[in-house]
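**Q** Going by full-length UniProt numbering, the first residue of the sequence shown is number 1, and it counts up by one from there. Cβ atoms here follow ideal geometry from the backbone N, Cα and C, with glycine treated the same way. Provided herewith is a single structure, encoded as structure tokens, for subsequent inquiry.
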Amino acid sequence: MKLAMIGFGQAGGKIVDRFLDYDDRTNSGIVRAAIAVNSAKADLMGLERIPKDNRVLIGQARVKGHGVGADNELGAEIAEEDIDEVQNAIDSIPTHEVDAFLIVSGMGGGTGSGGAPVLAKHLQRIYTIPVYGLGVLPGTDEGGIYTLNAARSFQTFVREVDNLLVFDNDSWRQTGESVEGGYEQINEEIVRRFGLLFGAGEVAGDQEVAESVVDSSEIINTLSGGGVSTVGFASEEVELNTSGGLLSRFTGDGAGDEGLDAANTTNRITSLVRKAALGRLTLPCEIEGTERALLVLGGPSEYLNRKGIERGRKWLEEETGSMEVRGGDYPREKPEVAAAILLSGVTNVPRIKRLQQVAIEAQDNMDDIQAESEENLEELVEDDEDELEPLF
Ligand code: GDP
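Pasting the structure below:
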């Protein structure tokens with residue numbers, strides 16, 4: 001499907017930048033337009049792919065291009081004040097060619113955390129196409145203020161979008177790596193997963209037509225109904241059919257062993273589906289109780305078969321207890337077969353409950369410190385016997 005992506009804040013901008021790179025590499029054509037919004041000028045300048053004209057600096061009057069310093073209330077305020085500037089950038093993109101908006105932001109910071117929900121609310125008022133969010137949760141080691149920001153942004157963002165796709169940095173953090181290097185890998189994981197998913201509805205005219213290709217309306221229907229989503233992914237390398245002969249062993253073209261080879265393809269698909277659903281999700285959660293799901297199988301068309309997808313889909317129905325599990329394939333000439341599973345409307349998410357608990361503790365703690373601060377300062381500044389006089 002074709003998306004208008006808006007990266008809000010530093011993380012949001014960087015991730016949209018990576019999506020453009022992914023589009024170039026894979027020819028998937030999911031980013032119809034890309035915009036970055038930030039209150040920090042340096043962050044906007046650091047982007048590589050997003051066109052300069054599509055980079056919007058907000059809050060100049062208030063923060064002079066220096067960012068909001070993890071103050072997400074200020075982030076929300078300046079987004080509201082400067083929403084017209086963001087709208088101007090959106091006016092320059094062909095929204096009639098776009099299936100949905102995707103607002104991407106890190107929820108732990110200030111600009112994106114506060115601004116992304118404001119923009120979602122604004123877009124919902126103006127456009128009829130869906131507005132989705134891709135929200136990134138901070139790592140648990142980032143500290144109280146980031147957790148509190150994320151918990152508050154999460155509540156607001158979910159309410160304002162048609163669906164909030166969540167990626168949890170904490171689940172993907174790798175020890176012993178620099179933060180920047182770590183983000184590079186994490187961002188690659190984000191675009192790989194969401195790229196396969198959204199790319200599925202965007203099969204170009206010259207690509208082979210699949211047996212049961214996923215349409216963008218199926219992605220939209222899976223996401224409709226709102227709530228929170230997570231994505232599972234698994235892939236396996238395969239050989240492309242370049243020599244002509246080799247592949248027949250897998251596809252059932254070889255005389256005599258047709259049944260076995262078709263069974264092979266089917267088994268490969270079902271095992272990938274299990275791996276994707278039971279492995280690491282973008283937001284860890286219990287998959288039982290998921291309201292709707294979509295299974296996308298990508299790969300060379302020789303490796304995709306209807307029976308495998310149908311079996312994987314049935315298995316997902318059983319695991320989630322959902323009656324609304326869609327499935328289809330996405331043929332692409334890449335030497336891998338990959339399964340992406342969108343689980344939409346997940347509700348059993350202990351990670352969010354923990355995030356909220358830590359956020360409340362951080363909030364109480366900050367309130368206590370603030371309440372005591374005046375008293376403490378007075379105690380420090382005043383001499384015990386009140387013998388000194390201030391100058392004026
Ligand atoms: P903002 O510019 O004020 O919106 O804040 P940032 O986007 O810099 O940071 C918000 C949060 O996003 C941080 O707490 C991190 O958890 C996360 N973050 C920052 N940069 C990246 C990135 O490149 N990738 C990912 N996945 N997360 C990031």
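Using 7 Å as the cut-off, classify the Cβ of Q10 as near or not near the heavy atoms of the ligand GDP, replying yes or no.
**A** Yes; taking the cut-off as 7 Å, the Cβ of Q10 has a heavy atom of the ligand GDP nearer than that.
**Q** Any idea which residues DSSP pairs E324 with across the strands?
**A** Answer is R292, bridged to E324.
**Q** Please report the straight-line C-alpha distance between D384 and Q370, rounded to a whole angstrom.
**A** Using only the alpha carbons, I get a separation of about 23 Å.
**Q** P138: buried (16+ other C-beta within 10 angstroms of its C-beta) or exposed?
**A** Buried, since its Cβ has 16 or more Cβ neighbours within 10 Å.
**Q** Whole-angstrom Cβ separation of A89 and V56, contact assumed at under 8 Å?
**A** About 5 Å separates the two Cβ atoms, so the contact holds.
**Q** For the alpha helix (DSSP H) that F8 lies in, which residues bound it at each end?
**A** From DSSP, F8 is part of no alpha helix (DSSP H) but of the beta strand (DSSP E) over 3-8.
**Q** Quick check on the DSSP output: the beta strand (DSSP E) that includes D168 runs from which residue to which?
**A** D168 -> beta strand (DSSP E) spans 163-168.
**Q** From I287 to E378, what distance separates their C-alpha atoms?
**A** Cα to Cα, I287 sits roughly 54 Å from E378.
**Q** For the beta strand (DSSP E) that A33 lies in, which residues bound it at each end?
**A** Here the beta strand (DSSP E) through A33 covers 31-38.
**Q** Starting from the C-beta of T320, find all residues in its chain whose C-beta is less than 8 Å away, skip the five residues before and the five after it, and write them out in chain order.
**A** For T320, where only same-chain residues beyond five positions count, the Cβ hits under 8 Å are I287, E288, G289, T290, A293, L343.
**Q** I think R326 touches E218, with their Cβ atoms under 8 Å apart; what is that distance to the nearest whole Å?
**A** Contact flag correct, Cβ pair sits at about 5 Å.
**Q** R25 by DSSP, collapsed to three states: which one?
**A** Here R25 sits in helix by DSSP.
**Q** Assuming F19 and V37 form a contact by the criterion Cβ under 8 Å, report the distance between their Cβ atoms to the nearest whole angstrom.
**A** That pair is no contact at about 15 Å.
**Q** Are the CB atoms of I309 and I341 within a distance shorter than 8 Å?
**A** For I341 and I309, no; Cβs fall outside 8 Å.
**Q** Alpha carbon to alpha carbon, how far is I186 from N169? Give it in angstroms, no decimals.
**A** So the alpha carbons of these two residues sit roughly 7 Å apart.
**Q** Under 7 Å from any heavy atom of the ligand GDP, does the C-beta of Y22 make it?
**A** False, no ligand heavy atom lies under 7 Å from that Cβ.
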